[in-house]
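Have a look at the structure below before the remarks.
Residue numbers (the working numbering): 92 to 358.
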């Protein structure tokens, strides 16, 4: 069965909209340094969701800033403008130190939880601001009533946006899991995937996971996106739906839920 991320996101949006009625109006800034059609589209999606729940949106484009120092300077300047949240749209220019830029976002305004202080504080249980993709994974697993206790859980990839935050969430929850990445041997990788009851993938390799690689009844959360033939596709081959108990489509799966999770961090 496909999990309808848009429907789940819609329910969460309504809850957030109500919650925001009891807060001072929130203002978020989305900043673009590398303008591409995909980047502009992602920011448009986030902006529209923010506006639907009553959040004031400002979009800044600084495509003339090309070095790490220039971009860090821009981000620090934005941090002094009183925004409740600042989102640096990734990816940045290839020769820029991405983590240094993300660390320039003031901790209080880091709703993406990508800066080193926010990530460290979340991992240690100091803050309850949850990395958006991790929160989205949690919401999706709850929506299909997936039981995690005693299950084989596999995270594919250790990237900044998916693998790392989801790993930290499970670690914080005390949920045993396995992380496989580029250093994992092919034999170990295939064995882990085949035995998995729950798979969260975020590597960005089109249709990498095939039906013959998974066990029947597995839950598949596809957080990997890439372009193939001009279309957005995920890590999981759509044919896996016949084998899975639940599976998120791409697009329309984890993406919409992640956007709302980002905005939830404003409150």
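Just so you know, even glycine gets a beta-carbon here, dropped at the ideal spot from N, CA and C.
By the Cβ neighbour-count rule, residue 104 is buried, with 16 or more other Cβ atoms within 10 Å of its own. Only residues of its own chain outside the window of five on either side were considered, and among them 256, 257, 260 have a CB closer than 6 Å to the CB of residue 225, listed in chain order. Residue 314 places its beta carbon 7 Å or farther from that of residue 335.
Given a length threshold of 3 residues, each whole run of the beta strand (DSSP E) inside the segment 189 to 273 is given here in chain order: 244 to 247, 269 to 271. Rounded to whole angstroms, the separation of the alpha carbons of residue 139 and residue 208 is 29 Å. In the structure shown, residue 338 falls within a strand segment according to DSSP collapsed to helix, strand and coil. Out of 246, 251, 93, the CA that lies nearest to the CA of residue 285 is found in 246. Between residue 187 and residue 162, the alpha-carbon positions lie close to 8 Å from each other.
In this structure, residue 147 places its C-beta atom within 7 Å of the C-beta atom of residue 118. Pairwise C-beta distances place the segment 178 to 194 in contact with the segment 143 to 159, as three or more of them are shorter than 8 Å. For residue 281, the CB contacts under 8 Å within the same chain, skipping 5 residues up- and downstream, are 304 in chain order. When the Cα atoms are used, residue 195 and residue 321 turn out to be separated by approximately 34 Å. Membership of residue 173 in any alpha helix (DSSP H) is not indicated, and neither H nor E is assigned to it by DSSP. For residue 286, the three-state secondary structure derived from DSSP is helix.
Between the C-alpha atoms of residue 312 and residue 165 there is a straight-line separation of about 35 Å.
Here residue 267 is exposed. Its C-beta has fewer than 16 other C-beta atoms within 10 Å. Secondary structure note for residue 152: its beta strand (DSSP E) is the uninterrupted segment 147 to 152. A check of alpha carbon separations from residue 262 across 278, 283, 229, 272 identifies 229 as the nearest. Beta-bridge analysis with DSSP links residue 142 to no other residue. About 5 Å separates the CB atoms of residue 323 and residue 342; that is less than 8 Å, so the two are in contact. Across the set 116, 113, 172, 203, the C-alpha of 203 shows the shortest separation from the C-alpha of residue 352.
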